[in-house]
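Visitor: This is the structure I want to talk about, given as structure tokens.
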């Protein structure tokens, strides 16, 4: 295995997961052992700010500019587009000899010159618009065995969406490691964004945990109860994939050189 002297960088950005949706922040129902472990090993950015909506946060993260300056100010109606010509984080990494890849939710423009492949990413696996199953997305996508856009071509992938994005990230990282090139992997999951579709086994497990703590919670309607269980089940699934990614980096002896 060839090694690079430059540190590899992975950014995982979950969608609609709040501060209180982690076990390490005191949520008794959130099953997030891998994220909790990562939290315990990490530097905490206690004055880091996210925008109150999805697209502005993404644009600000990738450009270092406030949404009012980068153009991506809202989640629809043509206001999701990063201004053409603005360098992104991927552009900067690529200029410095990194291989760059995105796997998941982009939501900063679906057409040229706003797509991930136009904004500095060598490898791109993504879906259009705000969530899987939205109007511009591939017909019948429902989080399972969906069609995504891989380097400009639509292709069907087997598995739950979160599994697919992490699996393809690991595959691509493996290629970078084999070639000895440093990588920047941007992994913006769509989970746990609505619609709250999740494998039945994960939903059943979280329902069991939820029942153990239900007496600690305020009364909930059946609809709210179901939604919370599905939401936390999506986070539970995501947490396992974070653990699988970290295990993969350890096996490949890349963990000590990856931020």
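In the numbering used here, the protein residues as written are 339 to 597.
Heads up, the beta-carbon is just placed ideally off N, CA and C, and yes, glycines get one too.
Values in this document were obtained by computation on a predicted structure and should not be read as measured data.
Please name the residue, chosen from 354, 371, 378, 374, that lies closest to residue 389 on a Cα-to-Cα basis.
Guide: On the chain shown, residue 389 is found 51 positions in, with the first residue counted as 1. Residue 389 has its Cα closest to that of 354, out of 354, 371, 378, 374.
Visitor: For the alpha helix (DSSP H) containing residue 384, list its first residue and its last residue.
Guide: As a first step, residue 384 must be located in the chain shown, where it is residue number 46. Unbroken run through residue 384: none, as it is neither H nor E.
Visitor: Answer yes or no: do residue 570 and residue 544 have a C-beta to C-beta separation smaller than 7 Å?
Guide: The residue labelled residue 570 in the question sits at position 232 within the chain shown. The residue labelled residue 544 in the question sits at position 206 within the chain shown. The answer is yes: Cβ separation under 7 Å.
Visitor: Is the beta carbon of residue 476 closer than 7 Å to that of residue 499?
Guide: Numbered from its first residue, the chain shown carries residue 499 at position 161. Numbered from its first residue, the chain shown carries residue 476 at position 138. No, the Cβ-Cβ distance between residue 499 and residue 476 is not below 7 Å.
Visitor: Just how far apart, CA to CA, sit residue 397 and residue 526?
Guide: Taking the chain shown and counting its residues from 1, one reaches residue 397 at position 59. Taking the chain shown and counting its residues from 1, one reaches residue 526 at position 188. So the two alpha carbons sit approximately 12 Å from each other.
Visitor: For a test of the three-state rule: what should DSSP assign to residue 416, helix, strand or coil?
Guide: Working through the chain shown from its first residue, we reach residue 416 at position 78. Reduced to three states, the DSSP call for residue 416 is coil.
Visitor: Report yes if the CB atom of residue 440 is closer than 7 Å to the CB atom of residue 495, and no otherwise.
Guide: In the chain shown, residue 440 corresponds to position 102, counting from 1. In the chain shown, residue 495 corresponds to position 157, counting from 1. The answer is no: Cβ separation not under 7 Å.
Visitor: In this structure, what does DSSP give as the bridge partners for residue 486?
Guide: Taking the chain shown and counting its residues from 1, one reaches residue 486 at position 148. 493.
Visitor: Any contact between the region 420–427 and the region 445–465? By contact I mean 3 or more CB pairs, one from each, below 8 Å.
Guide: Touching, yes.
Visitor: In the structure shown, what three-state DSSP assignment does residue 571 receive?
Guide: Residue numbering aside, residue 571 sits at position 233 when the chain shown is read from its first letter. Residue 571: helix per DSSP, three-state reduction.
Visitor: Counting beta carbon pairs with one atom in the region 361–374 and one in the region 403–420, are three or more of them shorter than 8 Å?
Guide: No, the region 403–420 is not in contact with the region 361–374.
Visitor: Compute the beta-carbon to beta-carbon distance between residue 471 and residue 533, rounded to the nearest angstrom, for a pair I have assumed lies under 8 Å.
Guide: By 1-based counting over the chain shown, the position of residue 471 is 133. By 1-based counting over the chain shown, the position of residue 533 is 195. The pair is a contact, with the Cβ atoms about 6 Å apart (cut-off 8 Å).
Visitor: Residue 339 by DSSP, collapsed to three states: which one?
Guide: What you label residue 339 is simply residue 1 of the chain shown in a count that begins at 1. At residue 339 the pLDDT is 47, less than 50, meaning the model places this residue with poor confidence; the figure from the coordinates comes in the next sentence. If DSSP states are grouped into helix, strand and coil, residue 339 belongs with coil.
Visitor: Do you know how far the Cα of residue 550 is from the Cα of residue 542?
Guide: Stepping through the chain shown from its first residue, residue 542 is reached at position 204. Stepping through the chain shown from its first residue, residue 550 is reached at position 212. In a straight line, the C-alpha of residue 542 is about 13 Å away from that of residue 550.
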